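Residue numbers (the working numbering): 2 to 431.
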């Protein structure tokens, strides 16, 4: 039940952040602003998700997993309530930004909980299940929000989101427990004490906080994490761009979708994420079994899981962009989006599995760093993509995006293989 509670929280982390992306037209009319301006209400929240994860790392290591999971979730619930009751764009955006800052913790705490609860052989499978859950969120959340908003209004839709957060928080309270464990440590503290971070780690708080603040900076610039971080940034930028801008295209000619139809299109993203999960699940198991049986296993072999997904993403970007450019049937948009999301999910699973196996004792730190790179790309694209499309046209923009993805992955993942080979030859530890 703890893992189910974690998946529920993780589903909301991104799903709730882009919950209003199918409601931006109604909000724009409500506040008398442009649709493009209305869509930027999510941007700062997406950016602050990355920084919120980084800030959480020292606290998680000092006070344990449970309190830093529970209390930010409670705060996030009230931030969503504040957004629901907002009467203008500025107030709404402020609450949404704070929602991103506090609501990102499940995306960071997932890897350390998996590291605590499961064996290294089980890590890829559990990462796959957990990761797909919160990666499905950005597509499932807006679909549900649109369905609710179509029958009522955007405030009711956000009110339902507040209630969902309440249920998720109750699950954390009822089924969550502290997973941090050190061999030889005495019995676990009482449940009430563990909620408050008392006795979870038995570590000196001041020195632990200082140490992990320093370690976060050190690990950001570790060569394997820096390279794979850049890969994630590029990989996530374009899918998030599709997620935050597709409604504007669907409501315009030649498609002229209504809210229900535009919301239903989000299930193409969900299908793509599930396809990425299936690929990652089978590939990770296959490559591990193949090399472990021959005693030739190396951690970096997990990164071979990015090549096919990136091909899928590039093909999907081309399909999506050319369909829009020539005004073809919406099936082309759906199929392109499926391929893009297949690549996105499978790539993050491969990189996360590599990073966790590479630095198992720094799972919290690694998770936060990967989350930071992911959200930085998602934040940036909302500002430059609309103007870029207006200037150069849809076909050229998405063609360039496909090329950037392929080149970036080759330039970031290949050096990691070469670096690992060099370190192994020199007999040094990374």
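Glycine residues also receive a C-beta, built at the ideal position from the N, C-alpha and C atoms. It should be emphasised that the depicted structure is a prediction, and the values quoted were computed from it without experimental measurement.
Ranked by Cα distance from residue 252, the first of 206, 266, 57 is 266. With contacts defined by Cβ atoms closer than 9 angstroms, residue 146 and residue 270 do not form a contacting pair. In this structure, the CA atom of residue 227 is about 43 angstroms from the CA atom of residue 257. In this structure, residue 250 lies away from residue 349, with their beta-carbon atoms at least 9 angstroms apart. If you look at residue 253, you'll find it isn't in any alpha helix (DSSP H); DSSP assigns it neither H nor E. In the DSSP assignment, residue 355 falls within the unbroken alpha helix (DSSP H) covering 331-359.
Pairing residue 195 with residue 201 gives a Cβ-Cβ distance under 9 angstroms.
By the Cβ neighbour-count rule, residue 403 is buried, with 16 or more other Cβ atoms within 10 Å of its own. Across the structure, residue 275 and residue 11 are spaced so that their CA atoms are roughly 16 angstroms apart. The alpha-carbon separation between residue 148 and residue 197 amounts to approximately 38 angstroms.
Note on geometry: alpha-carbon atoms of residue 213 and residue 3 lie some 26 angstroms from one another.
Taking C-beta atoms as the reference points, residue 105 and residue 342 fail to come closer than 9 angstroms. By the 16-neighbour rule on beta-carbons within 10 angstroms, residue 291 is exposed. If only complete runs of 3 or more residues are kept, the segment 89-115 shows no beta strand (DSSP E) anywhere. In this structure the segment 345-359 lies against the segment 279-289, because at least three pairs of beta carbons, one per stretch, are closer than 8 angstroms. Secondary structure at residue 381: helix, using DSSP grouped into helix, strand and coil.
Taking the C-beta atoms as reference points, residue 318 is found nearer than 9 angstroms to residue 337. Shown here for residue 98: same chain residues with a beta carbon closer than 6 angstroms to its own, the five before and five after excluded, namely 45, 46, 49 in chain order. By the Cβ-count criterion, residue 287 is exposed, with fewer than 16 other Cβ atoms from all chains shown falling within 10 Å of its own Cβ. Within the same chain, and ignoring the five residues on either side of residue 378 in sequence, the residues whose Cβ sits closer than 8 angstroms to its Cβ are 233, 234, 235, 236, 237, 238, 241.
In chain order, 151 place their CB closer than 6 angstroms to the CB of residue 261, counting only its own chain and leaving out the 5 sequence neighbours on each side.
Inclusion of residue 376 and residue 43 in the CB contact set at 9 angstroms is not warranted, their separation being larger than that value. Contact check between the segment 59-66 and the segment 123-139: fewer than three CB pairs, one atom from each, fall below 8 angstroms, which does not count as touching.
Scanning its chain for C-beta atoms nearer than 6 angstroms, with the 5 sequence neighbours on each side dropped, one finds around residue 360 the residues 367, in chain order. In the structure shown, residue 223 falls within a coil segment according to DSSP collapsed to helix, strand and coil. If you draw a straight line from the Cα of residue 35 to the Cα of residue 243, it is about 19 angstroms long. Across the set 326, 398, 308, the C-alpha of 308 shows the shortest separation from the C-alpha of residue 413. For residue 259, the secondary structure class from DSSP, reduced to helix, strand or coil, is coil. Your pair residue 167 and residue 78 checks out as a contact, with CB atoms roughly 6 angstroms apart and the cut at 8 angstroms. Sequence-distant partners of residue 247 (beyond 5 residues in either direction) whose C-beta falls short of 6 angstroms from its own C-beta are missing from its chain. Excluding sequence positions up to five before and after residue 27, its CB lies within less than 6 angstroms of the CB of 155, all in the same chain and listed in chain order. Counting only unbroken stretches of 4 or more residues, the alpha helix (DSSP H) elements lying wholly within the segment 153-192 are 155-176, in sequence order. A distance below 9 angstroms separates the beta carbons of residue 110 and residue 66. Judged by DSSP secondary structure, residue 47 falls within the alpha helix (DSSP H) whose first and last residues are 44-64.
The continuous alpha helix (DSSP H) containing residue 314 extends over residues 308-327. In this structure, the CA atom of residue 222 is about 10 angstroms from the CA atom of residue 216.
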